[in-house]
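Here the structure comes first, spelled out in structure tokens, and everything after it is commentary.
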Ligand code: MN
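Residue numbers (our numbering): 202 to 728.
The following block contains the structure:
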């Protein structure tokens, strides 16, 4: 381990020294001088990651002074009282590491990793209550006896870490109300963020959340105008359940808040690949979608403790400091109860907010653009990607347009996705100049379509696959196979909250296979 002195000057020095950030998908530390004096009353994050490296272990990490204190626990933490588990202190990790799941390539820590548990921790006394500010934690570390309380989904209650020499510690759980004799973790261990096991991550499978089950849905239907709903182990307070949020159309029924809550709770597994461990912007319509809505970018007042929160280390004026991160059906139901109709995830993850994992193309029709013309533009994108050998997937927006999502490698920057999308859009537009306007303002477009490549930026978003859209009849944005562009029955708003689950049952989700595809974008500026 680096000396305490050098850690004092750059707490991430040792972490950097051990890693090659051109090769590993792990977060690269960023400067967070603004966080160096974190107030002792702020909630401190903890994370326990199941890491299959040379030997399987659990990495226990506790937020302190803008970093994560870390111990590798070979047999993992336990709630069994009196059981001592060896714990080896390792280098401090950046805060972003608390959101990291993935496969670390050959080299330091090579192996697969999931966020097995996450929550908050408090420094404690023997009796468990929180006592402290940062200097109290400093002293306990120096004395080699760190008492703390964990508040996680799986780990909870009073723990003690006792130093036995150099970097060797012992981890113990107290005999408190959370203690369970003979306790063992679930097998296989599963991520609280993505629902994945280590095997799933190793195999490149996308996140998957359990949907609300039949009994839970029956309970939702049986609720009155308001009540509390038990779903997936969480309690969600629901209000105004029979209020119409989305008007119907001639052949599509109006959508109540109850129906919106039910949709998101059922569609959770479809949304998981696109939302897990990502900050989101929520488009809320508390007065219904025929009235103006507003963007909710920060965690709203009164959100339950179990809603996961992510602090943006580089918020901008239009962004927010603390974002919601969904982790399953209950969190989606909570948002739906806030009349969040549309969910727009970031193209980057909480672990690596400065690096996108998708490059986005937005075929945005103008007032006089026909559906046939939208299809012409989408087919030109299809041809361009085929020509370049780039994998991408189209989705109908649920409105009038089509989006194309292209997965990018962990090395790709926003500058690269922005440049690639701009160059490709130009090329497509030059083939059909009569269909496309390059004017930014809608009123200057002369009714023509816009190929909007500007959504490739850190705080920019498009509606998620399987997000409901704020339009009459509650259409849903749905990924499609490229061949479906030639299906005469395709429409941008073909599927609604009532038909999308059946659509996916019969046709699957062609975009899910692209999650995490490691592809570098060609530099079109040189060709
Ligand atoms: Mn480890």
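In this text, a Cβ means the ideal position worked out from N, Cα and C, and glycines have one as well.
Cβ-Cβ distance between residue i and residue j below 8 Å
| i | j | result |
| --- | --- | --- |
| residue 289 | residue 317 | no |
| residue 467 | residue 455 | no |
| residue 282 | residue 261 | no |
| residue 680 | residue 707 | no |
| residue 614 | residue 657 | no |
| residue 245 | residue 265 | yes |
| residue 694 | residue 600 | yes |
| residue 268 | residue 295 | yes |
| residue 714 | residue 698 | no |
| residue 469 | residue 297 | no |
| residue 362 | residue 347 | yes |
| residue 673 | residue 489 | no |
| residue 559 | residue 662 | no |
| residue 524 | residue 557 | no |
| residue 603 | residue 579 | yes |
| residue 353 | residue 247 | yes |
| residue 574 | residue 504 | no |
| residue 725 | residue 625 | yes |
| residue 263 | residue 374 | no |
| residue 249 | residue 356 | yes |
Chain-order list of residues whose beta-carbon lies under 6 Å from that of residue i (same chain, five-residue window excluded)
| i | result |
| --- | --- |
| residue 219 | 309 |
| residue 664 | 543, 545, 678 |
| residue 587 | none |
| residue 685 | 691 |
| residue 535 | 437 |
| residue 238 | For residue 238, the predicted model reports a pLDDT of 39, less than 50, meaning its position is unreliable; a value from the coordinates is still stated below. No residues qualify anywhere along the chain. |
| residue 668 | 543, 544, 678 |
Cβ-Cβ separation, residue j to residue i (assumed contact under 8 Å), whole Å
| i | j | result |
| --- | --- | --- |
| residue 398 | residue 478 | Incorrect: roughly 16 Å between the Cβ atoms, too far for contact. |
| residue 530 | residue 391 | Contact flag wrong, Cβ pair sits at about 15 Å. |
| residue 539 | residue 501 | 7 Å |
| residue 217 | residue 228 | Not really, about 11 Å apart at Cβ, beyond 8 Å. |
| residue 533 | residue 471 | The Cβ separation is near 11 Å, so there is no contact. |
| residue 422 | residue 430 | Wrong, their Cβ atoms sit about 10 Å apart, outside the cutoff. |
| residue 716 | residue 528 | Incorrect: roughly 17 Å between the Cβ atoms, too far for contact. |
| residue 359 | residue 350 | 6 Å |
| residue 513 | residue 554 | 7 Å |
| residue 474 | residue 407 | 4 Å |
| residue 577 | residue 637 | About 10 Å separates the two Cβ atoms, so there is no contact after all. |
Counted within 10 angstroms of its Cβ, other Cβ atoms place residue i as buried (16 or more) or exposed
| i | result |
| --- | --- |
| residue 210 | exposed |
| residue 570 | buried |
| residue 192 | This structure gives no information on residue 192, because the portion of the chain shown stretches from 202 to 728. |
| residue 568 | exposed |
| residue 235 | Low local confidence applies: a pLDDT of 44 at residue 235 is under 50, so the model's placement there is unreliable, and no value is given. |
| residue 630 | buried |
| residue 622 | buried |
| residue 653 | buried |
| residue 223 | exposed |
| residue 419 | exposed |
| residue 299 | buried |
| residue 426 | exposed |
| residue 696 | buried |
| residue 256 | exposed |
| residue 642 | exposed |
| residue 212 | buried |
| residue 372 | buried |
| residue 592 | exposed |
Neighbour flag for residue i against chain B, beta carbons, 8 Å
| i | result |
| --- | --- |
| residue 468 | The structure shown contains no chain B, having only a single protein chain. |
Own chain, CB closer than 7 Å to residue i, minus 5 neighbours either side, in chain order
| i | result |
| --- | --- |
| residue 435 | 507, 531 |
| residue 712 | 594, 596, 606, 666, 680 |
| residue 291 | 271, 272, 273 |
| residue 345 | 363, 364 |
| residue 221 | 308 |
| residue 517 | 660 |
| residue 240 | Low local confidence applies: a pLDDT of 41 at residue 240 is under 50, so the model's placement there is unreliable, with the coordinate-based value given in what follows. Cβ neighbours of residue 240 beyond the five flanking positions: none. |
Contact set for residue i: own chain, Cβ-Cβ below 8 Å, skip 5 residues either direction
| i | result |
| --- | --- |
| residue 254 | 305, 310, 311, 312 |
| residue 671 | 447, 484, 486, 490, 494, 542, 543 |
| residue 403 | 253, 304, 313 |
Between the stretch 457-473 and the stretch 431-445, are three or more C-beta pairs nearer than 8 Å?
yes
Could you check whether the stretch 713-727 touches the stretch 606-620, counting it as contact only if at least three pairs of C-beta atoms, one from each stretch, sit closer than 8 Å?
yes
Looking at C-beta atoms only, is the number of pairs between the stretch 496-510 and the stretch 559-571 that lie closer than 8 Å three or more?
no
Flag this pair as touching only if the stretch 360-371 and the stretch 381-389 have three or more C-beta atom pairs under 8 Å; answer yes or no.
no
Check whether the stretch 407-417 and the stretch 480-500 are in contact - that is, three or more C-beta pairs closer than 8 Å.
no
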